[in-house]
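Undergrad: Position in the sequence shown counted from 1, then plus 16, gives you the working numbering. For every residue, glycine included, the Cβ atom is placed at its ideal position computed from N, Cα and C. Just dropping this structure here.
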Amino acid sequence: MKKLIQIQAELKAPKQQKNNFGGYSYRSCEDILEAVKPLLLKYECMLAITDSIELIGDRYYIKATANFSDGDKEKEVSAYAREALTKKGMDDAQITGSASSYARKYALNGLFLIDDTKDDDSTNDGKKEDKNIEDAFAKVKNAKDLKVLQEIWGYYSDFHKDSEFKTAVTERKFELENKIKQK
């Protein structure tokens, strides 16, 4: 697996996509594939990604499996993504495709050791930041416009997985949008 280790060390897949509402950058499955293809060619390796659908409980999940081969040995990594029951503006095929892309991205992240969290060193200016959720909620509540709300969302990325914080941001977003519509 020496070739896989070399590819893991050399692979650079920067976050080139931008979520305008959330104010954060991210990488897509396609970004990872674009970055890894030249390294696969350089080291004469192969990568294949397959999907399967699995029923777990009463929900369907897409299982993506990334299979790496250097000609002698193989390494396989899988990741799951649950299909949403509905998603505004998407038909059933698009919902499945979205779940597939998400699962594939995380299978590739696992195979190539791509960390999807923020790099603390890249934002470290030497000052200790003490972010707490109470401050985040207060700032969301007092956001005067959508741009400020986006900045708050980006700044408090540590709390993106907190469902109450997500709800507060979403509710404030709707309040601000309604305020704009009423003008």
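#1: On a Cα-Cα basis, can you pick out the residue from F37, M17, K28 and E92 that is closest to I168?
#2: What's the C-alpha gap between K89 and M17?
#3: Distance, Cα to Cα, V52 vs A95?
#4: Under 7 Å between the Cβ atoms of I78 and S114?
#5: When the Cα atoms are used, what is the spatial distance from A123 to K197?
#6: Please classify N148: does DSSP put it in a helix, a strand, or coil?
#7: Quick check: the Cα distance between P30 and T81, rounded to an integer number of angstroms?
#8: Taking the straight line between their C-alpha atoms, what separation do you get for K28 and D86?
#9: Quick one: is S179 buried, meaning 16 or more other Cβ sit within 10 Å of its Cβ, or exposed?
#10: With a CB to CB cut of under 8 Å and the five nearest residues on each side skipped, what residues in its chain are close to R120?
#11: Keeping to the same chain, check which residues put their C-beta closer than 7 Å to that of K19; ignore five residues upstream and five downstream.
#12: When DSSP labels each residue in this structure, what does D137 get in the three-state scheme?
#13: What are the boundary residues of the beta strand (DSSP E) that includes Y77?
#14: Quick one: Cα of K163 to Cα of E92, how far?
TA: Put simply:
#1: Translated into positions along the sequence shown, residue 168 becomes position 152. When only C-alpha atoms are compared, the closest one is F37.
#2: On the sequence shown, residue 89 is found 73 positions in, with the first residue counted as 1. On the sequence shown, residue 17 is found 1 positions in, with the first residue counted as 1. In a straight line, the C-alpha of K89 is about 7 Å away from that of M17.
#3: For the purposes of this step, residue 52 is taken as the residue at position 36 of the sequence shown. For the purposes of this step, residue 95 is taken as the residue at position 79 of the sequence shown. Cα to Cα, V52 sits roughly 18 Å from A95.
#4: Sequence index remark: in the sequence shown, residue 78 carries index 62 (1-based). Sequence index remark: in the sequence shown, residue 114 carries index 98 (1-based). In this structure, S114 does not lie closer than 7 Å to I78 by Cβ.
#5: Walking along the sequence shown from the start, residue 123 turns up at place 107. Walking along the sequence shown from the start, residue 197 turns up at place 181. Distance between the alpha carbons of A123 and K197 is about 42 Å.
#6: By 1-based counting over the sequence shown, the position of residue 148 is 132. Three-state DSSP puts N148 in coil, outside helix and strand.
#7: Your numbering for residue 30 matches position 14 in the sequence shown. Your numbering for residue 81 matches position 65 in the sequence shown. Distance between the alpha carbons of P30 and T81 is about 22 Å.
#8: Within the sequence shown, numbered from 1, the residue matching residue 28 stands at position 12. Within the sequence shown, numbered from 1, the residue matching residue 86 stands at position 70. Distance between the alpha carbons of K28 and D86 is about 20 Å.
#9: Your numbering for residue 179 matches position 163 in the sequence shown. S179 comes out exposed.
#10: As a working mapping, residue 120 is identified with position 104 in the sequence shown. Answer for R120: C45, I65, D67, A80, A82 and A95, listed in chain order.
#11: Locating residue 19 in the sequence shown gives position 3, counting from the first residue. Around K19: Y59, C61 and D86.
#12: In the sequence shown, the residue the question calls residue 137 occupies position 121. Any answer about D137 is weak, because its pLDDT of 36 lies below 50 and its placement is not dependable; what the coordinates show is given next. It is helical.
#13: For the purposes of this step, residue 77 is taken as the residue at position 61 of the sequence shown. Here the beta strand (DSSP E) through Y77 covers R75 to S85.
#14: Here the question's residue 163 lines up with position 147 in the sequence shown. Here the question's residue 92 lines up with position 76 in the sequence shown. When rounded, the distance between both Cα atoms is 42 Å.
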